[in-house]
Every structure is written in C-alpha cells, then in structure tokens.
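*Asks:* Below: one structure in structure tokens.
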Amino acid sequence: MSVLVIGAGNDCRQDDGFGIAVARALASRSLDGVEVLELSGEGGSILAALEGREQVYLVDAVHSGADPGELHRLDAGSETIPCSFFHYSSHDFAVAEALEMARILDRLPPVVVVFGVEGERFDHGIGLSTAIQERVEEVADCIQGEISASACR
Amino acid sequence: MKAKIAEKKTTMSRTIRADYLARVEGEGAMYIRLKGDEVREVKLKIFEPPRFFEGFLRGRSYLEAPDMTARICGICPVAYQMSSVHAMEQIAGVTVDGPIRDLRRLLYCGEWIESHALHIFMLHLPDFLGYESAIHMAPDFKAEVEMALTLKKYGNELMALVGGREIHPINVRVGGFYKAPARDEVRGFRDKLIWGMEASRKAVALVAGLEFPDFEQDYEFVAMRHPDEYPLTEGRLVSSRGLDIDLSEFENEFEEQQVEHSNALHCVHRERGNYFVGPLARYALNYDRLSPAARELAVKGGLDPVVRNPFKSIIVRAVEMFWAYEEALRIVDSYEPPEKPFVETPPRRGTGFGCSEAPRGICWHRYSIDDDGLIIDAKIVPPTSQNQRTIESDLREYVKGRTSLSDDKLQWQCEQAVRNYDPCISCATHFLKLTVDRG
Chain A
429 MSVLVIGAGN DCRQDDGFGI AVARALASRS LDGVEVLELS GEGGSILAAL
479 EGREQVYLVD AVHSGADPGE LHRLDAGSET IPCSFFHYSS HDFAVAEALE
529 MARILDRLPP VVVVFGVEGE RFDHGIGLST AIQERVEEVA DCIQGEISAS
579 ACR
Chain B
2 MKAKIAEKKT TMSRTIRADY LARVEGEGAM YIRLKGDEVR EVKLKIFEPP
52 RFFEGFLRGR SYLEAPDMTA RICGICPVAY QMSSVHAMEQ IAGVTVDGPI
102 RDLRRLLYCG EWIESHALHI FMLHLPDFLG YESAIHMAPD FKAEVEMALT
152 LKKYGNELMA LVGGREIHPI NVRVGGFYKA PARDEVRGFR DKLIWGMEAS
202 RKAVALVAGL EFPDFEQDYE FVAMRHPDEY PLTEGRLVSS RGLDIDLSEF
252 ENEFEEQQVE HSNALHCVHR ERGNYFVGPL ARYALNYDRL SPAARELAVK
302 GGLDPVVRNP FKSIIVRAVE MFWAYEEALR IVDSYEPPEK PFVETPPRRG
352 TGFGCSEAPR GICWHRYSID DDGLIIDAKI VPPTSQNQRT IESDLREYVK
402 GRTSLSDDKL QWQCEQAVRN YDPCISCATH FLKLTVDRG
C-alpha cells in the first residue's frame, strides 16, 4: 500500500488534535488502498512512516499567526516546511524537521502534501474549537479528492 | 588607553540569555548575569506549566498508576511505568521474576536505545560539530545520520514489540504485562540487535574523537546499584560520597525545594546540596557491573572508570547504548513466553517505593494506597529536577574561566553544557506549591 495519510498531533491538547480528527474521519471512510496513521508528531516516527511510500498526506494543526481555521496546503516536494509552523516541539525534532531530514537523506516520497489548519487553543483539554472543528470534514474531503484525482492520472 | 578600555571591559555588565532552550524536552530558558569576570547570577528557568500528576493520582486505582504516569513523558514513559509498578508490587508483597522480569528489562532497553540515540546524534552531536541542528549537520554527515535513525528506530520497535506501542506503552500493568509477545516475534529481533551493537561501537568511536572542553567537577554521583546487574529497575541507591540506602530512605536524605525562578522543584541532598544523576553517575558507580564488552568499548572510547567531565557524557551514552543492545540480545536469545503474562497483585493497604534508571537518571516514586487499592498519596521525583541545581552550578563554574568569549560563543557553549544532562523539562515540571498571602 503506497498511499498514506498521517494525522499528527495530540488530542489531549485541544486544537492540536486536528490531525487526529481528520485521520479518524478518513479512516471511517475505509478508502481502498489508503492507510491512515495517527502519530504524535515526533519526528523519528514520521521519518519511519515515510519509508517506501509513494504518496503521503500529512495533517496537523499549525500556529503561524493566521486566523483560526485558516487552511494551509504545502507541497513538501517543492517547498521547505517552516520549522516554526507546528506546535509540537519535543526535543526539537518534529514534523517540519522530519520532512526536511527526509529531503536531505533522499527519503522524501514523490508526493508529500501537508495540510495545516491554524489552531486557536493548544492548552490541556479535549475537543476542537468551533473554527477548527468545521474544517475536519473539509480537509478529509480535500485529501480524498486528491487521492482520487491522482489515481485517475 | 588600551589599559583603560580593558579596565572598562572587566567591570562591564553582560547578560547571556537563551529565552528558549532548543534541543531539550519541554520549555525552559537560561539566564546568566556577569559583572566583569564575575558571575553574578545563573538561573535555569523552567516555565513549562506544572501538570499536577501527584494530585490527580489521588483517588485513582493503584492499577492505573503505570498508564497515568507514563503520560509524564513521551521520551521516557517506561521509567515512570517501571518505578510505579515496582512500588505497587512492593505494597502487594509480590516479586516479579523470570521471563516477565526479562521482558521488562527488554522494554527498558528499548527506551534507553531510542532516548540515547536521539540525544547523542540529534541533540548533542551538532553542538560539538558546530552545527545549529541535526538538519544542518545531516548534509555533511549523511551516513552517520542514517545510522542514528536506524539505531533509534530499533529502540522504538522494541518498545512497540513489548509495550504495544512505542510512545506511552499500553501493555504494562502492575504484576507484569497484559499480553506477552510470542517467542518468534521476540527471537526474530536478533539480527537487528546484532546490527545495533556494531553501530553502537561505531558511535563510540565517532564521539570519542570529538574535542571536549577542559572541564571537570567534583560531583556527588547518585545512582542505583544492583548486586549483579548494570542498574535498570532494581537496586539500592548509592553515591560517590558513601551513601548506600534502601529506596524507602530517599526522603531521609533528599528533599525537594521550591525556587522562585522555576516551575520545577529542585531536589537536593539535605546536607550536601546538589548532586548528579544520569549516565555519568550510573557509569561511575557501576563500572564493574558493565559487561566485559561494554567495559572494553569504554576503554577504547578513552574513558576512565570515573568520568567527571559532563561533556563526555556523550561517550558514556554511546557505551550505554551498546550495553542496552547487548542486554536486549541476551534476553531475546533466551526468551520463552511466560505461562501467564502477569502475577496477581491483590490490593493491600500500605506504602511502597519504586525507583528505576531513566535514560537521564533515577526516577523515584512513593505511593500509599488504601484497603480498596485507591491511591491516597503519591510522590514522584524525576531525574531532571534532581539535576537542575547541578546544571546551574556547572554553568556558573564553566562561565568563570570563559568570560572573555564573545556572547554568541558563550551562549552556544552554555547551551551545550545544559544539554550535557539531556534535561527533560516536561518531566521535571509536575508540581507547583501555591501560597496565597492575604496579609
């Protein structure tokens, strides 16, 4: 199976659970040939998950200073992912670092698309804020659409 | 004129600060104030918010302790699980041995491997080689980074094999495990472990060739000591100044103190003040418990049986990573699944103590439970809270002889000195005493 969706984040940290919510939405659709993983955002696990993949979609909450709920779509194949983008910072080796490391080590799969949604609250707690919750199905639809479109090519 | 400038320079005030310490776990800052050549103030500020684990453990079942405390840290969850299950088993009057004990050690080896591999290569090595981060280092050291990632990955895989998943394992319970892995799954790990031992040898050779600042301190090392083994989950607490106590005596010797500038408590020896836990302490106090191959590797890496230069902790970590791979191989090769993956631990009123050697030092726990097995009281002393004051003392001493360095260089080297301890700031921040003065 070469299509992978990674939902990164921590659903005990409010909006940081966005990636996990999208992963669950997509997993519930049981798409053929698509594997869905929930990861904490720790860089080592992301690097390991990229191994041998052709097409990867990664979803995470971001905090770039934009309005809550704003959607960012980044093509990791053609642009650098800003390290300051993601909330998770354990030992400073997280999503952005993992993707950059993969690029340096020639391990970046041919297609890697990152969907980031601007989060509002990252404190301890369960549940997404309204502006973020509204984006869950929309981002799941986007990813499903991109997977279908690439299958037609 | 020249003399005048020099004189002015020596009395000038300088502040070295890193508002956000990179490549450590959690959120902390460092502050150093100098007046001429004199170090006026050094603070390791931990502003990671407290999480009140000891508070919310109260009223929960003793069986929940390993799952709840694992959440204290994503890098060393096994340390919290092992310290808590041992404390609960002590209360129940149960000793776990045989294949269940071996599986625990195997799980813990996985944690040491992933944590040490991450710290050696991704967090500490860039300091020595003059790179801003592992990402900046990778283009010039591709093979080494590839090796590091695989070394770490195998550690994570061991944790997933025994613990059910690699972060916050879910298979650990008081008395053992919910499910024991199958014989073939465990034995199938053999080749990866042999590769890991060889790669760890290369890691030792690599880090032993680095340049180390000339800096040694007369630390009081504190670590666990077991009659036969290099310490992981069991043993007494010993120190390089003659301490040799049962785990239950920890609070007679050590106390946690609150300081204004940190959300993490400082743990100190009641009479002698700051002390040192972690790889350097473990190694110095248990050199004779290392395997012959690990000792030989330490010698090849240029290490004496006692190392007092904290920058050389990177070599000691690499030797310990080798040892963990070797120990994992010993366990894997002889593994036969237990008939039942856990022993029964019926609830019993009492107080129990557990301690284990987290990758960054001893992690001490005390719990009291009632007749129904509900936790009445919990105390957790993580390694970083024990090292905080020593980190500050290192910074003070280190800066003393180096005040002529530029601010940038001094800050760089001070951050490196903090990273010698692989501090886990999230772990250390678990308690805040709040006093309301209403006059």
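Going down the list, the protein sequences come from chains A and B.
One gets this note's numbering by counting positions in the first sequence from 1 and adding 428 to each.
One gets this note's numbering by counting positions in the second sequence from 1 and adding 1 to each.
Cβ atoms here follow ideal geometry from the backbone N, Cα and C, with glycine treated the same way.
What does P140 of chain B touch in chain A if you count any residue whose Cβ is under 8 Å from its own?
*Replies:* The sequence position of residue 140 of chain B within the second sequence is 139, counting from 1. Going along chain A in sequence order, the residues near P140 of chain B (Cβ under 8 Å) are I532.
*Asks:* Could you please give me the residues that DSSP links to Q258 of chain B through a beta bridge?
*Replies:* Start at 1 with the first residue of the second sequence, and residue 258 of chain B comes out as number 257. B:H267.
*Asks:* So what's G493 of chain A in DSSP terms, helix, strand or just coil?
*Replies:* Numbered from its first residue, the first sequence carries residue 493 of chain A at position 65. Note: G493 of chain A maps to coil in three-state DSSP.
*Asks:* Using the beta-carbon of each residue, which ones in chain A are nearer than 8 Å to K313 of chain B?
*Replies:* Numbered from its first residue, the second sequence carries residue 313 of chain B at position 312. None at all; the shortest Cβ gap to chain A is about 21 Å.
*Asks:* Would the beta-carbon of I509 of chain A fall within 8 Å of that of A139 of chain B?
*Replies:* The residue you call residue 509 of chain A lines up with position 81 of the first sequence. The residue you call residue 139 of chain B lines up with position 138 of the second sequence. In this structure, I509 of chain A keeps its C-beta atom at 8 Å or more from the C-beta atom of A139 of chain B.
*Asks:* Starting from F54 of chain B and walking both ways along the alpha helix (DSSP H), at which residues does that stretch end?
*Replies:* On the second sequence, residue 54 of chain B is found 53 positions in, with the first residue counted as 1. Counting along the chain, the alpha helix (DSSP H) containing F54 of chain B begins and ends at 54 to 58.
*Asks:* Please list the partners that A135 of chain B has in chain A, where partner means a Cβ-to-Cβ separation under 8 Å.
*Replies:* Counting from 1 along the second sequence, the entry for residue 135 of chain B is found at position 134. Near A135 of chain B (Cβ distances below 8 Å), the residues of chain A are F521, E525, M529.
*Asks:* Would you call P182 of chain B buried or exposed, if buried means 16 or more other Cβ atoms sit within 10 Å of its Cβ?
*Replies:* Here residue 182 of chain B is taken as the residue at index 181 of the second sequence, counted from 1. It counts as buried.
*Asks:* Applying the 10 Å Cβ sphere with the 16-neighbour rule, what's the burial state of E562 of chain A?
*Replies:* Sequence index remark: in the first sequence, residue 562 of chain A carries index 134 (1-based). So E562 of chain A counts as exposed.
*Asks:* Taking 8 Å as the threshold (beta carbon to beta carbon), is L475 of chain A in contact with chain E?
*Replies:* This model lacks chain E altogether; the protein chains it does include are A and B.
*Asks:* Are there 16 or more other CB atoms within 10 angstroms of the CB of C440 of chain A, so buried, or fewer, so exposed?
*Replies:* In the first sequence, the residue the question calls residue 440 of chain A occupies position 12. C440 of chain A is exposed by the Cβ-count criterion.
*Asks:* Determine the burial state of G614 of chain A: buried for a count of at least 16 other Cβ atoms within 10 Å of its Cβ, exposed for fewer.
*Replies:* No answer is possible for residue 614 of chain A: the residues shown for chain A start at 429 and end at 581.
*Asks:* List the residues of chain A whose Cβ lies closer than 7 Å to the Cβ of I203 of chain B, in chain order.
*Replies:* By 1-based counting over the second sequence, the position of residue 203 of chain B is 202. Rather than Ile, the amino acid found at residue 203 of chain B in this sequence is Lys. Per Cβ cutoff of 7 Å: no residues; K203 of chain B is ~18 Å from chain A at best.
*Asks:* Decide if S576 of chain A is buried, meaning its Cβ has at least 16 other Cβ atoms within 10 Å, or exposed.
*Replies:* As a working mapping, residue 576 of chain A is identified with position 148 in the first sequence. Of the other Cβ atoms in all chains shown, fewer than 16 fall within 10 Å of the Cβ of S576 of chain A; this residue is therefore exposed.
*Asks:* So with CB distances below 9 Å, who are the chain A contacts of V146 of chain B?
*Replies:* The residue given as residue 146 of chain B occupies position 145 in the second sequence. Ordered by position in chain A, the residues that pass the 9 Å Cβ test against V146 of chain B are M529, I532, L533.
*Asks:* Would you please verify whether the beta carbon of T16 of chain B is less than 8 Å from any beta carbon of chain A?
*Replies:* For the purposes of this step, residue 16 of chain B is identified with residue 15 of the second sequence, where counting begins at 1. Taking Cβ atoms only, chain A never reaches closer than 8 Å to T16 of chain B, which makes this a no.
*Asks:* Report the residues of the region 151 to 167 of chain B with a CB closer than 8 Å to any CB of chain A, ordered along the chain.
*Replies:* Within the region 151 to 167 of chain B, contact with chain A at the beta-carbon level (separation under 8 Å) is assigned to K153, K154, N157, E167.
*Asks:* Does DSSP classify K380 of chain B as helix, strand or coil?
*Replies:* Numbered from its first residue, the second sequence carries residue 380 of chain B at position 379. Residue state, collapsed to three classes: strand.
*Asks:* Does the beta-carbon of L375 of chain B, which I'm using as the reference point, lie nearer than 7 Å to any heavy atom of the ligand FAD?
*Replies:* This structure does not include the ligand FAD; it has no bound ligands of any sort.
*Asks:* Can you tell me which of the three DSSP states G362 of chain B falls into?
*Replies:* As a working note, residue 362 of chain B is residue 361 in the second sequence. DSSP places G362 of chain B in strand when its eight states are reduced to three.
*Asks:* Step through the CB atoms of chain A and report whether any lies within less than 8 Å of the CB of M123 of chain B.
*Replies:* Position 122 of the second sequence, counted from the first residue, corresponds to residue 123 of chain B. With 8 Å as the cut-off, M123 of chain B counts as an interface residue toward chain A.
*Asks:* With a threshold of 8 Å between beta carbons, is K143 of chain B in contact with chain A?
*Replies:* By 1-based counting over the second sequence, the position of residue 143 of chain B is 142. Closer than 8 Å to some Cβ of chain A, the Cβ of K143 of chain B qualifies, so yes.
*Asks:* Measuring CB to CB, does C110 of chain B end up less than 8 Å from E321 of chain B?
*Replies:* As a first step, residue 110 of chain B is located in the second sequence; it is residue number 109 there, counting from the start. As a first step, residue 321 of chain B is located in the second sequence; it is residue number 320 there, counting from the start. No. Outside cutoff.
*Asks:* Should H169 of chain B go down as buried or exposed, given a rule of 16 or more other Cβ atoms within 10 Å for buried?
*Replies:* Residue mapping note: residue 169 of chain B aligns to position 168 of the second sequence, counting from 1. Answer is buried; the Cβ neighbour count reaches 16.
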